[in-house]
Amino acid sequence: MADMTGSTTTSAAWTALVRHRDDGIAPLGKLLADDPGRATRLGIEVGDLWIDPSRQQVTDTTLALLADLADELSVAASFQRMMDGQPVNATEGIPALHTALRAPGHEVIRVGGVDVVPAIHATLDRMSDLATSIRDGSRTGATGEPITAVVSLGIGGSHLGPALAAEALSHLAQADLTVRFSSNLDGADLVEALDGLEPASTLIVVCSKSFTTVETLTAAQSARAWLAGGLGVDRAAEHVVAVTASPERSEAFGIPAELTFELPQWVGGRFSLPSAVGLAVMVAIGPPAFMELLAGMRLVDEHVATAPTLRNGPVLLGLIDVWNRSLLGRTSMAVVPYAHRLKLLPAYLQQLSMESLGKGTTLDGLAVDTSTGAVVWGSAGTDGQHAFFQLLHQGTDVVPCDLIGVARTAADPRGAHQNLLLANLAAQAAALTHGRTRAEVAAGGTPPDLVPHRTFAGNRPSTTILLPELTPSVLGQLLATYEHRTVTAATVWGIDPFDQWGVELGKELASRIAADPDGGDHDGSTIELLRRYRELRGT
Ligand code: F6P
Numbered sequence: 013m014a015d016m017t018g019s020t021t022t023s024a025a026w027t028a029l030v031r032h033r034d035d036g037i038a039p040l041g042k043l044l045a046d047d048p049g050r051a052t053r054l055g056i057e058v059g060d061l062w063i064d065p066s067r068q069q070v071t072d073t074t075l076a077l078l079a080d081l082a083d084e085l086s087v088a089a090s091f092q093r094m095m096d097g098q099p100v101n102a103t104e105g106i107p108a109l110h111t112a113l114r115a116p117g118h119e120v121i122r123v124g125g126v127d128v129v130p131a132i133h134a135t136l137d138r139m140s141d142l143a144t145s146i147r148d149g150s151r152t153g154a155t156g157e158p159i160t161a162v163v164s165l166g167i168g169g170s171h172l173g174p175a176l177a178a179e180a181l182s183h184l185a186q187a188d189l190t191v192r193f194s195s196n197l198d199g200a201d202l203v204e205a206l207d208g209l210e211p212a213s214t215l216i217v218v219c220s221k222s223f224t225t226v227e228t229l230t231a232a233q234s235a236r237a238w239l240a241g242g243l244g245v246d247r248a249a250e251h252v253v254a255v256t257a258s259p260e261r262s263e264a265f266g267i268p269a270e271l272t273f274e275l276p277q278w279v280g281g282r283f284s285l286p287s288a289v290g291l292a293v294m295v296a297i298g299p300p301a302f303m304e305l306l307a308g309m310r311l312v313d314e315h316v317a318t319a320p321t322l323r324n325g326p327v328l329l330g331l332i333d334v335w336n337r338s339l340l341g342r343t344s345m346a347v348v349p350y351a352h353r354l355k356l357l358p359a360y361l362q363q364l365s366m367e368s369l370g371k372g373t374t375l376d377g378l379a380v381d382t383s384t385g386a387v388v389w390g391s392a393g394t395d396g397q398h399a400f401f402q403l404l405h406q407g408t409d410v411v412p413c414d415l416i417g418v419a420r421t422a423a424d425p426r427g428a429h430q431n432l433l434l435a436n437l438a439a440q441a442a443a444l445t446h447g448r449t450r451a452e453v454a455a456g457g458t459p460p461d462l463v464p465h466r467t468f469a470g471n472r473p474s475t476t477i478l479l480p481e482l483t484p485s486v487l488g489q490l491l492a493t494y495e496h497r498t499v500t501a502a503t504v505w506g507i508d509p510f511d512q513w514g515v516e517l518g519k520e521l522a523s524r525i526a527a528d529p530d531g532g533d534h535d536g537s538t539i540e541l542l543r544r545y546r547e548l549r550g551t
């Protein structure tokens, strides 16, 4: 997607960054001690988010050089091309216009000469009509009973964003409605999603951009059979709607146009939450709250398009990701939301980041000559503290972390839990930064043989992101920040963040094996696996 004026590692800024890295960066503890105003100076307000990169291993020189890199590699111009609808998804020859999904109705954004905004708003209106009719009880099923449960079937981008948003905003969900998600090909997932529901009052949303995804279509067939078991085959059809960019395929599957909600081809799955893919979320929280989510994303779109590089939250985070990955050699990053309702954020970001940045070929078709996407992982804090933080503090790899805090929550108005959560976040950030020296440990009376075990090296980077509370707008701001951060890193690396060719080979082989387990030229390991599987199943 880069509007390249040079390639990453041959750029002057890159050469300067390598030299700067080799000169050495003072330890984080010293950077903070020498500059008490560092957090205030480097921290950025993006809408309601406070983003503090002051615990990253960067100096003012690092940041200035990263800004030069962004200039040299035309990051701002690339965002402009993306938002203008240029075909920035070069390997698929299409735009990546997720920003258009949250554009106000009066904006004009053309793709191939056609303004796409009216169609986006028409779909939002249709979604809103359906959501409203379910929420007010006027949408009835084939037997006349009101629809009180919605089960959204989809995987990857057709699942992770909506599931995260529904969970994060579950405090806003209408109490007498059930909204569930099912993604896994394992039938146990669907059984769980349908458990306790009645076909007569359930609507199934089959969410698949391509409408070819085996996991989703298999679940859709099974869900339709479940509906038919209660309602009969003909009446079951009224209880299934589709969300897709391939309406001809959903129609062939038996879902008519009037029950199909379209998303445009040029929206990447992992960027598709603000499209019709968010239908189940809209049902749960209501159309106005869903529009607030979109408005929050829009706010960050405007910020990323206008803020100068070092005051631009998503761009700065993306540049620091490049610094950590390519210059400092950090192979992974942990995402730790100190909020139970954000516990699906790491899974969502795994797809957003790793499907976007896990690329080894540049837009010019050449092998990249630096490391690209990091492994993204994590869990909700404080659970993570009792699982993997040991490695973060004393393991042999340095893992940059995002520590995300929330100030207020209706679940804890007195703040009894919240205050402790934030204390934990602050404590972990400080412990990662400063560690504990041998001398400090020894001075505490630790027996000499235990001193090395109880010493913490410190100098482990983290970024703190503080949210006022989990409103739809704040969630939208957070997710759009991560989207643009991801695109920034891709632009610097000169890779296409919008394709995902790497998932194709496995899909192709799976369908070949499923269709003909005995055929093909399987290797010995596959043959033995299939033989043992058949033996266990007695087939
Ligand atoms: O995992 C590959 C992928 O193509 C993702 O990019 C996408 O979000 C997911 O599968 C689901 O695809 P679809 O929405 O077409 O079913």
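Residues 13 to 551 (the working numbering) are what the sequence shown spells out, left to right.
Just so it is clear, CB atoms sit at the ideal spot from N, CA and C, and this is done for glycine as well.
TODO: Please name the residue, chosen from Pro-48, Arg-472, Leu-490, that lies closest to Pro-480 on a Cα-to-Cα basis.
DONE: Leu-490
Q | 6 Å Cβ shell around Thr-111 - same chain, five flanking residues per side excluded | A | Met-95, Asp-313
Query raised in the report: Within 10 angstroms of its Cβ, does Glu-547 collect 16 or more other Cβ (buried), or is it exposed?
Result: exposed
query: According to DSSP, what are the bridge partners of Phe-468?
result: Arg-448
(Q) Assess contact between the region 413-420 and the region 448-466, defined as three or more Cβ pairs (one per stretch) separated by less than 8 Å. Is contact present? (A) no
Which runs of the beta strand (DSSP E) spanning at least 3 residues fall entirely within the region 264-350, listed in chain order?
-> 272-274, 344-349
Exercise for the section: Within the same chain, show all residues whose beta-carbon is closer than 6 Å to that of Ser-66, passing over the 5 residues directly before and after it, in chain order. Expected result: Arg-50, Ala-51, Leu-54
Could you pull out every residue in the same chain whose Cβ sits closer than 6 Å to the Cβ of Leu-109, ignoring the five residues on either side in sequence?
-> Gly-97, Trp-278
- Query: When you compare each of His-352, Gly-117, Ala-200, Arg-549 to Ala-434 by their alpha carbons, which one comes out closest?
  - Reply: Before going on, a small fix: residue 434 reads as Leu here, not Ala. Taking only the C-alpha atoms, the option nearest Leu-434 is His-352.
request  = Go ahead and pull the three-state DSSP assignment for Asp-64.
outcome  = strand
field: Alpha-carbon spacing of His-251 relative to Thr-382, whole angstroms
entry: 50 Å
Quick check: does the Cβ of Gly-518 come within less than 6 Å of any heavy atom belonging to the ligand F6P?
no
Every unbroken beta strand (DSSP E) within the region 465-520, with a cutoff of 3 residues, ordered by chain: 474-481
Exercise for the section: Determine, using beta carbons only, whether Leu-40 and Asn-336 come nearer to each other than 7 Å. Expected result: no
query: Hey, Pro-326 and Thr-500 are a contact pair by Cβ (cut 8 Å); roughly how many whole angstroms apart?
result: 6 Å
- Message: Give me, in chain order, the residues of the same chain whose beta-carbon lies closer than 7 Å to that of Val-463; leave out the 5 immediate sequence neighbours on both sides.
- Response: Arg-450, Val-453, Ala-454
Q.
With a threshold of 6 Å on Cβ separation, who are the neighbours of Ala-254 within its own chain once the five nearest residues in sequence on each side are excluded?
A. Val-218, Ser-262, Ile-267, Thr-272
Integer Cβ distance of Pro-197 from Thr-230, believed to fall under 8 Å: A quick correction: the sequence has Leu, not Pro, at residue 197. Between Thr-230 and Leu-197 the Cβ distance is about 6 Å, and since that is below 8 Å, they are a contact.
query = So, is Glu-260 buried or exposed, given that buried needs 16 or more other C-beta atoms within 10 angstroms?
reply = exposed
Can you tell me the Cα-Cα spacing of Glu-540 and Gly-550, whole angstroms? 15 Å
Ser-512 versus Gln-363: straight-line alpha-carbon distance, rounded: Going by the sequence as given, residue 512 is Gln instead of Ser. Going from the Cα of Gln-512 to the Cα of Gln-363 covers about 10 Å.
### Query
What does a CB cutoff of less than 7 Å around Pro-174 pick up in its chain, not counting 5 residues either side in sequence?
Ser-164, Phe-193, Leu-285, Val-289, Gly-290, Ala-292, Val-293
### Message
So the candidates are Thr-256, Ala-235, Ser-258; which of them puts its Cα closest to the Cα of Ala-249?
### Response
Ala-235
- Supposed contact pair Ile-121 and Ala-115 - C-beta distance, whole angstroms, cut 8 Å: 6 Å
- request: Taking only the alpha-carbon atoms, compute the straight-line gap between Asp-137 and Gly-531 and give it to the nearest angstrom.
  value: 49 Å
* To do: Go to Val-191, then tell me how far its alpha helix (DSSP H) extends in each direction, as first and last residue.
  => No alpha helix (DSSP H) holds Val-191; the beta strand (DSSP E) holding it covers 190-194.
* Is Ser-170 near the ligand F6P, in the sense that its beta carbon is under 6 Å from a heavy atom of that ligand? -> yes
Short Cβ contact (7 Å threshold) for Val-410 with Arg-497: no
* Residues bridged to Arg-122 by DSSP? -> Asp-127
Open item on the list: Which residue marks the beginning of the beta strand (DSSP E) containing Ala-254, and which one marks its end?
Closed with: 252-256
Note to self: Classify Gly-208: buried if its beta carbon has 16 or more other beta carbons within 10 angstroms, exposed otherwise.
What the structure shows: exposed
(Q) If the criterion is Cβ atoms closer than 7 Å, does the pair Gly-385 and Gly-370 meet it? (A) yes
Worksheet item: Near Ala-232, which residues of its chain fall below 6 Å by C-beta distance, leaving aside the five closest residues on each side in sequence?
Response: Leu-165, Val-218
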